[in-house]
Amino acid sequence: MTEDNFSSKQTRFTPIPKTEAELLNRCEIMAGQTLGQIAFKLSMTVPEDLRLHKGWVGHLCENYLGANAGDRAEPDFLDIGVELKTLPVDAHEKPKESTYVCTMPIRQIDAYSWQNSWVKRKLSRVLWVPVEAARDIPLAERYVDNFWIWRPSFAEECSLQRDWEELMDRIVLGEQAEITSQEGEYLHIRPKAANSLVLVRGMSNGHTSAFIIPKGFYLRTSFTGPLLHQSLYN
DNA sequence: CTATGATCATGA
DNA sequence: TCATGATCATAG
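According to my numbering, the first sequence is numbered sequentially starting from 16.
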């Protein structure tokens, strides 16, 4: 630990939580505040809207809670192995968007198994933080709702594993280019790039090298919706 | 360039 | 209305 006693993101405000309890205490303080109130405490400015700042809410929460993984392919809270996900919710308390998990493997497809997968690792312990996201509420006035820590149940993990294995089979067969977002009941694969002109070398038509758009794994709202619903009635 | 954080915008 | 495909910012 050098200067790592604080979050690496733009502000140095929150100590890195060392235990799950510390993290949850911090969440308790954050929940029930508006994004504007939280931003003020962090000396962060609230953008007009999210069009040019799509990751702003996530970064705001990382900052306030003291996440320390930076942009590493690791859980946000390294010391306690917790991944933070903000969840945009509409006026009916339903997730408004799918949830990004990680990038689709493009080269390192070696020795793949669900148990060792990036998806499973990232989703093994998630701190869900619902945030109001209705467009008609000004960004600064949107409230952070009640958070919860989630570990996949046996059934939930089975569902994810089934989707993941199906998708990975396609990848192993050299069909990265052909995968569409229609595949996968709860976990699916969609483009994840700056724009559609960004291309990387991948596989198409069964092991034919081709330039394809980078893609990522996402959780559908049909998966996160029930999680949110359960959390509200606990 | 690849990872992080996601939401936007449009057609069906 | 909503899911799919497209897109935006930024760090290292």
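We put the CB at the ideal spot given by N, CA and C, even for glycine. Keep in mind it's a predicted model, so treat the numbers as computed, not measured.
In this structure, the alpha-carbon of Trp-71 lies about 7 angstroms from that of Leu-65. A straight line joining the alpha-carbon of Glu-200 with that of Lys-230 spans about 17 angstroms. Leu-75 sits in a helix when the DSSP states are folded into three classes. A distance below 7 angstroms separates the beta carbons of Lys-111 and Ala-148. In this chain, the beta strand (DSSP E) harbouring Ala-225 covers 223–227. Closest by C-alpha distance to Val-104, out of His-244, Ile-121 and Tyr-248, is His-244. With fewer than 16 neighbouring CB atoms inside 10 Å of its own CB, Pro-241 falls in the exposed class. Secondary-structure assignment with DSSP links Glu-98 through a beta bridge to Val-141. With a contact defined as Cβ atoms closer than 8 angstroms, Arg-166 and Arg-140 qualify at about 6 angstroms. Ranked by Cα distance from Ser-219, the first of Asn-249, Ile-186 and Ala-209 is Ile-186. In the three-state reduction of the DSSP assignment, Leu-67 falls in the coil class, being assigned neither a helical nor a strand state. If you draw a straight line from the Cα of Gly-81 to the Cα of Pro-30, it comes to about 6 angstroms.
Going by C-alpha positions, Leu-39 is about 43 angstroms away from Gly-189. Of Ala-225, Ala-106, Leu-175 and Met-59, the smallest CA-CA separation from Ile-152 is found for Ala-106. Taking all protein chains in view, the Cβ of Ser-132 is crowded by 16 or more other Cβ atoms within 10 Å, so the residue is classified as buried.
Residue burial annotation: Asp-160 is buried, with at least 16 other C-beta atoms found within 10 angstroms of its C-beta. Cβ contact annotation for Phe-162 (same chain, cutoff 7 angstroms, sequence separation greater than five): Cys-42, Ala-46, Leu-142, Trp-143 and Val-144, in chain order.
Here the alpha carbon of Tyr-248 sits roughly 12 angstroms from the alpha carbon of Glu-108. Note that the stretch 224–238 touches the stretch 201–216; at least 3 beta-carbon pairs, one per stretch, sit closer than 8 angstroms.
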